[in-house]
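Notes follow once the structure below has been shown.
Residue numbers (my numbering), protein chains in the order written: chain A, 1 to 346; chain B, 347 to 473.
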């Protein structure tokens with residue numbers, strides 16, 4: 001930040017010049033007028049103690065003022081220094097946040113791409129496996145009907161061989177697309193949730209508020225993209241359930257091995273460890289029992305045609321399972337919905 | 347010899363499997379999806395139900411849970427060509443719902459015929 005005010009560098013020179021002129025004028029006056037000199041000298045003699053006092057007080061005051069000015073100047077220098085450092089830190093934090101955001105966006109995009117590729121690959125695999133199965137079945141029957149050792153028998157054997165190679169190729173493509181999704185590493189759950197909110201908040205209506213409360217910093221072993229997807233899906237569903245107005249609360253807390261909550265979930269009993277609990281509550285329209293029972297079912301959706309695939313929450317369910325976690329949903333029509341996820345803590 | 351209800355939406359696979367099963371001296375009824383299968387099951391009770399998982403209208407998963415409710419003793423074989431989401435997950439699910447055995451397509455037909463024989467044998471022993 002630069003000051004636009006001119007510094008008035010001439011001001012101290014002007015003060016010195018005025019002082020000098022005044023002194024010179026007085027000296028010149030005494031010099032010219034000897035009588036005035038005597039009057040002044042007499043007066044000085046009479047008032048000497050008072051004048052000494054005045055002189056001393058003035059000098060002390062001047063010194064005090066100079067000290068204070070020096071102090072203020074130093075204080076200001078320190079403040080300026082602090083502001084400068086704060087600014088530097090803020091700038092570097094912002095740059096870092098922007099870099100993290102960009103990295104996350106790229107990762108998310110990559111995740112979406114891989115997911116799309118995986119879906120495509122498994123879709124193709126499904127149809128292709130059907131075709132291969134028909135080819136193999138018919139050829140096997142035809143082969144049984146011809147005499148062994150004939151050219152037709154041999155050629156049909158080649159068709160079978162080629163079909164089995166096709167089968168291997170499909171399973172290789174499938175295992176590749178699945179492996180892409182399964183890179184697990186230690187991750188900070190608080191950061192992940194904050195990053196998700198960072199990405200989502202600009203896209204949601206201003207009348208929907210999102211609150212995130214965390215008791216402490218939580219680490220889990222997981223796949224960043226998949227955990228991202230879990231939160232994006234649940235929060236997006238909550239936003240859709242709000243009709244443009246309401247509040248979504250995300251509460252992250254830790255629960256220990258002996259917590260009675262864990263005994264409600266047999267799956268958590270295999271791994272005796274601490275879990276983290278993530279609750280995502282909305283005060284939207286809620287769900288009735290019929291919808292609630294089918295909520296994690298693949299291809300089940302209550303959204304209008306073209307708005308939802310019905311895959312979101314089934315993917316959420318399978319991701320949480322892959323992370324050795326559990327997910328539970330509670331909801332009442334008109335009362336809102338709460339998703340609770342338990343994931344093993346690192 | 348057994349009476350088998352084959353539920354498969356793919357024409358080629360259905361026709362091929364029908365031929366394979368008939369060659370092994372089984373009697374085959376076939377349906378193109380879960381709904382048609384449920385219709386057939388109202389009039390006929392087969393020994394074994396062989397069903398695909400992903401089908402239009404009514405899929406294999408709901409058919410299996412329905413059949414297990416109405417005919418708890420019927421043997422069920424689930425077959426799938428790799429699900430749109432996670433093929434193994436679907437087959438696991440079908441087994442936990444009551445399918446005796448599941449196969450991922452392309453299936454080794456000899457293994458399928460052996461499984462049918464084993465299930466029939468087990469079924470007779472139970473009766």
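Even for Gly, the Cβ is constructed at its ideal location relative to N, Cα and C.
The secondary-structure analysis by DSSP pairs residue 328/A across a beta bridge with 340/A. Comparing C-alpha distances from residue 129/A to each of 158/A, 142/A, 145/A and 173/A shows the shortest one belongs to 173/A. For the set 414/B, 394/B and 425/B, the Cα lying nearest the Cα of residue 463/B is the one of 394/B.
For residue 187/A, the three-state secondary structure derived from DSSP is strand. Below 8 Å, too few C-beta pairs join the region 270-277 of chain A and the region 352-364 of chain B to call them touching: fewer than three. Taking CB atoms only, residue 462/B has no neighbour in chain A less than 7 Å away. In the three-state reduction of the DSSP assignment, residue 375/B falls in the strand class, which pools E and B. Beta bridge pairing from DSSP links residue 353/B with 377/B and 397/B. For the pair residue 167/A and residue 452/B, the Cα-to-Cα distance works out to about 8 Å. CA-CA distance, residue 386/B to residue 257/A, rounds to 52 Å. Within chain B, the C-beta atoms nearer than 7 Å to that of residue 130/A come from 356, 359, 427 and 451, in chain order. Spanning the alpha carbons of residue 268/A and residue 469/B requires a straight line of approximately 37 Å.
In the DSSP annotation of this structure, the continuous segment of the beta strand (DSSP E) that includes residue 252/A starts and ends at 246-255. By the Cβ neighbour-count rule, residue 133/A is buried, with 16 or more other Cβ atoms within 10 Å of its own. For residue 363/B, the residues of chain A that pass the 8 Å Cβ criterion are 137, in the order they occur in the chain. Here residue 350/B is near residue 367/B, since their CB atoms are less than 7 Å apart. Across the structure, residue 142/A and residue 161/A are spaced so that their CA atoms are roughly 15 Å apart. A distance below 8 Å between beta-carbons, with the five flanking residues on each side excluded, links residue 345/A to the following residues of its chain, in chain order: 218, 219, 220, 254, 273, 274, 275 and 276.
Excluding residues up to 5 positions away in sequence, 218 and 220 lie with their Cβ nearer than 6 Å to the Cβ of residue 189/A in the same chain. Listed in chain order, the alpha helix (DSSP H) runs fully inside the region 67-109 of chain A amount to none, counting runs of at least 4 residues. The beta carbon of residue 205/A sits closer than 6 Å to those of 244, all from its chain and outside the five residues before and after it, given in chain order. Residue 334/A sits close to residue 286/A, with the two beta carbons spaced by under 7 Å.
Nearest to residue 315/A by alpha-carbon distance, out of 233/A, 191/A and 210/A, is 233/A. If you look at residue 282/A, you'll find it in the beta strand (DSSP E) that goes 275-282. By the beta-carbon neighbour count (other beta carbons within 10 angstroms, threshold 16), residue 150/A is exposed.
Residue 86/A and residue 75/A have their C-alpha atoms roughly 16 Å apart. Taken through DSSP and simplified to helix, strand or coil, residue 211/A comes out as strand.
Residue 248/A is positioned such that its CB atom lies closer than 7 Å to that of residue 282/A.
Taking 7 Å as the cut-off, the beta carbon of residue 246/A is found closer than this to the beta carbon of residue 284/A. Not one beta carbon of chain B lies nearer than 7 Å to the beta carbon of residue 335/A.
Around the beta carbon of residue 192/A, 16 or more other beta carbons lie within 10 angstroms, which makes this residue buried. Between residue 293/A and residue 370/B, the alpha-carbon positions lie close to 42 Å from each other. When C-beta distances to chain A are compared with 9 Å, the residues of the region 392-404 of chain B below that value are 398 and 400, in chain order. Each of 318/A, 210/A, 123/A and 126/A was checked against the Cα of residue 279/A, and the nearest Cα belongs to 210/A. In the structure shown, residue 219/A adopts extended strand secondary structure according to DSSP, grouped into three states. A direct Cα-Cα distance of roughly 41 Å separates residue 313/A from residue 472/B.
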